[in-house]
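Numbering (the numbering used here), first residue to last: 932 to 1830.
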Amino acid sequence: MTPGAEIVVVPHTHWDREWYLPFQRFRLRLVSLLDGVLDRMEADPRWRFTLDGQTAAVDDYLEIRPERRERVAALVREGRLAVGPWRILHDEFLCSGENIVRNLEAGTRRAEELGGAMMVGYLPDQFGHCAQTPQILRLAGIEHACVWRGVPDRVRSHAFAWEAPDGTAVRTQYLPEGGYGNAASMFEEAGGGASLLPGRAAGFAAAMGRWYPRGGPLLAMYGADHTAPAADLADRVADAGTGMRLDTLAGYFAGADPSVDGLLRVRGELRSHARANILPGVLSARIRLKQLMGRAERRVERYAEPLTALWYAGDARRFLDLAWRRLVEASCHDSVTGCGSDETAEQVAAHMAEAEQLGRAVCDLVTAELAASAPLGAHVVFNPSPAPRTGLVVVDVPGDGPLVTGDGEPVPAQTLEAAPTVLDDAVHPASALPIVLERVYGRVLFGQEVRDWSVSHDDRTLTFHVTSRADTPFDIGDVRAALRGAEGEWRVRILADPRRTVAALVGVPALGLATVRPGGPSAAVLDAPVTAEGGVLDNGLLRAEIRADGTLGLAAPSGWAAEGLGRVVDGGDLGDTYNHAPPAADRLVSDPLSVRVEPVWTGPLVAAYDIVRTYRWPASGDLDRDARSEAEEDVTVTTRAELRAGEPFLRLSVAFDNRCADHRVRLHLPLPGLAESSFAEGQFAITERGLTAEGGFGERPVPTFPASGFVAAGGLAVLLEHVTEYEVTGGGRELALTLLRSVGHLSRDRNAYRDQPAGPQLPTPAAQCRGERAVSFAVMPCGGRPGPDVLRAAEEFRHDLLAAAGYGPADASAPPSREGLAITGDGVVMTSLRPRDGWIEARLTAQRDEPVTAVLRGAFTQAVRVDLRGRPLLPLDVRDGTAALALRPWEIATVRLRR
């Protein structure tokens, strides 16, 4: 270290918006803290303050103190109060990559409204960092990052070059010697007041000196969770002399060289346990939150926004903005993680549910407009993928005839259920008929609409004919008039038109629309039907056989085969929401007491069996004995194995009623080949990981990892609906997926897998996750590194076709198929399509190791590449509605198109 290096003191507070207390209780503290900080800043121009990199704290404050907005903005404009660039300090693995982009977009926009964003990728407390963060930051114009957790042992300097998979690097400041609170005790009063400062400053400089081999000012982060700086801080720093100054984090980096030349390069994600706890158990705490997040993100990202961009002339922006606000705020590193109090988890779940509801509302808005052009009995089908697809939709159709598309092409269909035609047939005294007629609401009766009715006084019979949707005139007053003077006993019948629920195999253009309706001369012939017979499912692409123990054997015509898939293993967990910790005397249960197989569907489009296994699991943990309880509970686990025509993967869903506590349930999938690594999709990349994790700090370096879209290892790929914790076990021979983790404390002071408390030892009975649990995924062959076939399968598994019932005139013609926007290129993945500033904006990633050209085709005449903040970079050549874009391996690109 250069002798006499300057210490730059950055006063701040790390503000967990919701954690061991729910949001509103923490906000009360925030308002009090910022009242004091802002008063001192206005009274003393020497003051500087950094508001934790997240603008949510500003808005949470101003919602209570709206009269202070201009005072806050003045401090931001002066550069004394640093805000942004994020909306919220997110967990980088438990939300989508698009969620991260929208977080940054919302944060910088709001900070600029207040006077300017702190253009530093401040990531002080995230539980590890995803691989593409450097590229995301640079695409937003941010040249410096600042991190603590997850940094590997080989980093021995305060600065390193953090490199994304595409090669983009950002100069990154590591926060050693205590992270974002490395100077938290420098100004404490205990025992000596200001006289202690020189010694503490010297000690800080000595400790930090080894991290600054090239010299330069030392970064002293003076702050901690939910704390305010000392009231006389500016005086103390001034008294310390020229070797110490106050500044914001933005001020510390101002003028700093963003070059990464000569720095140690660290490529990809940061998930090392070497220098700080990364608390990997948050991946599986309160799994329902992960399910809700994945469901809501997909609904907004891949359905609501593309529908409005391509097929809606109105403006649904406010609804979508509100949905994204809920999604981004729920992504907080103490929210979606599930490591907060039970009250906090309830609030987070409500925000996620609200985001999905908003997404569904927008989908309803757009599809209702589209469905108005389709006749009664028909359905409009939307394809959320940027490539043409043929997939199943489940729809209710009248009658029992064949189906055709709006283009007249026959549609294969399989009846799943036939609705009853006699809904009610009962005798009532005439005096009760007025009450019986009250069952009709408008024209709705028993959930359907009255098509016609008849009254026969001769045999005293009232008959209603109902259908799914009627377009004939109806007035209940006419029925009352026809029954005037009725006497004796009357028979009332409610008869429904024949109706059945079918699975239809529909082809739909890229991001486009198709129509399916009853009609056509004959049923479609399926080339490769799926069958179910004798406990065997077969669709010509895969053959699944149910074994006596309830596991499955899976084989493909190529000779690929896997055995023992679907073994359920229950083990103890005496850890907490942050870290799994099995008891010393653990007892694993994997053998069922009984197995039975029940057929569900037999084909030809979809075939399935339910595999019902009963287990006896320990009822709870025994903390005193560091073991599992002697008491046990019988638990029934139902696994549905399903094959669909044309799909190269086997769908599996696992459901059970969790009646136990303090345990972890995992699904084991033996691998067809020995795995030396795993490949997990998430946040714009596919990350390769080894079978171990780097340790060195106070936490067991467990090799449990997150995957979003899929995980692949040893020749097997598992397609996922939401972020899922996985581990390659048995020396590379099995893949284990966590279905449930039940724990009873936010943090336990004594955790066998972690030396330090991660938070208060607060009981969290709801984190035991009792009740009905269900998880769905799919398995498929995969050779080596996952390629375009796995990406396509994951896209189709996660994004079903969307159908809406037509309600136009019954004799109207069905609209023909229409393409929205096609995007091609092996390994090119679309992560977003939305209306923005009068353009259609698409975000793409090249998820492959080689360069690729993405080709966009649609009804547009202009195309321009922009950065993540919407600023233009370069125009693209458009010919006949087609534009080509060359992409580096793993490059993220944003393109705007003008119709």
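The beta-carbon is built from N, C-alpha and C at its ideal position, and this holds for glycine as well. On a predicted model such as this, the values are computed, not experimentally measured, just so you know.
Excluding the 5 residues flanking it on each side, Leu1483 has same chain C-beta neighbours closer than 7 Å at Ala1475, Glu1476, Ile1477, Leu1496, Gly1497, Ala1572, in chain order. When DSSP assignments are scanned along the segment 1716-1761, the uninterrupted stretches of alpha helix (DSSP H) that are 4 or more residues long and fall wholly within it turn out to be 1719-1729. The shortest CA-to-CA distance from Pro1160 to any of Glu1656, Thr1432, Phe1118 is the one to Phe1118. Across the structure, Thr1336 and Arg1704 are spaced so that their CA atoms are roughly 38 Å apart.
Under the 8 Å Cβ criterion, the segment 1286-1303 counts as touching the segment 1731-1745, having at least three qualifying pairs.
Only residues of its own chain outside the window of five on either side were considered, and among them Pro1820 have a CB closer than 7 Å to the CB of Glu1781, listed in chain order. Contact holds between the segment 1205-1223 and the segment 1066-1082, because three or more Cβ pairs, one in each stretch, are under 8 Å apart. Under the DSSP assignment, His1282 falls in the alpha helix (DSSP H) whose first and last residues are 1273-1302. In the DSSP assignment, the residues bridged to Gln1793 are Arg1829. Between the alpha carbons of Leu1164 and Met1283 lies a distance of about 41 Å. Sorting Glu1380, Asn1314, Val1353 by C-alpha distance to the C-alpha of Leu1436 places Asn1314 at the top. For Phe954, the closest C-alpha among the options Ala1459, Ala988, Val939 is that of Ala988. Secondary structure of Asp1541 (DSSP, three-state): strand. With a beta-carbon spacing of about 17 Å, Ala1455 and Leu1347 fall beyond the 8 Å limit used to define contacts.
Put simply, the segment 1246-1257 does not touch the segment 1674-1690. Fewer than three CB pairs are less than 8 Å apart. In this structure, the CA atom of Ala1479 is about 7 Å from the CA atom of Val1526. Assignment of beta-bridge partners to His943 by DSSP yields Thr981. Annotation for Ser1560: Pro1549, Ala1550, Ser1551, Asp1553 place their beta carbon closer than 6 Å to its own, counting only its chain and skipping 5 residues before and after. Contact annotation: Val940 and Tyr1153 have beta-carbon atoms nearer than 7 Å.
Counting C-beta pairs with one atom in each stretch, the segment 1357-1372 and the segment 1451-1469 have fewer than three that are closer than 8 Å, which means they do not touch. With the rule of 3 Cβ pairs closer than 8 Å, the segment 1096-1104 does not count as touching the segment 1137-1144. For Ser963, the enclosing alpha helix (DSSP H) covers residues 954-974. In the displayed model, Trp1142 falls within coil according to three-state DSSP, outside both helix and strand. With a 10 Å radius around the Cβ and a threshold of 16 neighbouring Cβ atoms, Ile995 comes out exposed.
Put simply, the segment 1211-1222 does not touch the segment 1083-1092. Fewer than three CB pairs are less than 8 Å apart. By the Cβ test, the segment 1806-1817 is in contact with the segment 1772-1788, since at least three Cβ pairs between them sit closer than 8 Å. By the criterion of at least three beta-carbon pairs nearer than 8 Å, the segment 1254-1268 is in contact with the segment 1025-1036.
Look at Met1224 here: in three-state DSSP terms it is helix. Look at the beta carbons and you see the segment 1173-1193 not touching the segment 1650-1666: under three pairs across the two are nearer than 8 Å. Residue Gly1408 holds the alpha-carbon nearest to the alpha-carbon of Arg1374 among Arg1391, Asp1327, Gly1408. Cβ neighbours of Ala1037 within its own chain (closer than 8 Å, five residues either side excluded): Thr986, Arg1018, Trp1255, Arg1256, Val1259.
Under the three-state reduction of DSSP output, Pro1329 falls in the strand class. Judged by beta-carbon spacing, Pro1717 lies within the 7 Å limit of Phe1610, meaning their Cβ atoms are closer than that value.
The three-state secondary structure of Asp991, taken from DSSP, is helix.
Looking at the DSSP output, Asp1565 shares a beta bridge with Arg1547. A straight line joining the alpha-carbon of Gly1378 with that of Asp1355 spans about 13 Å.
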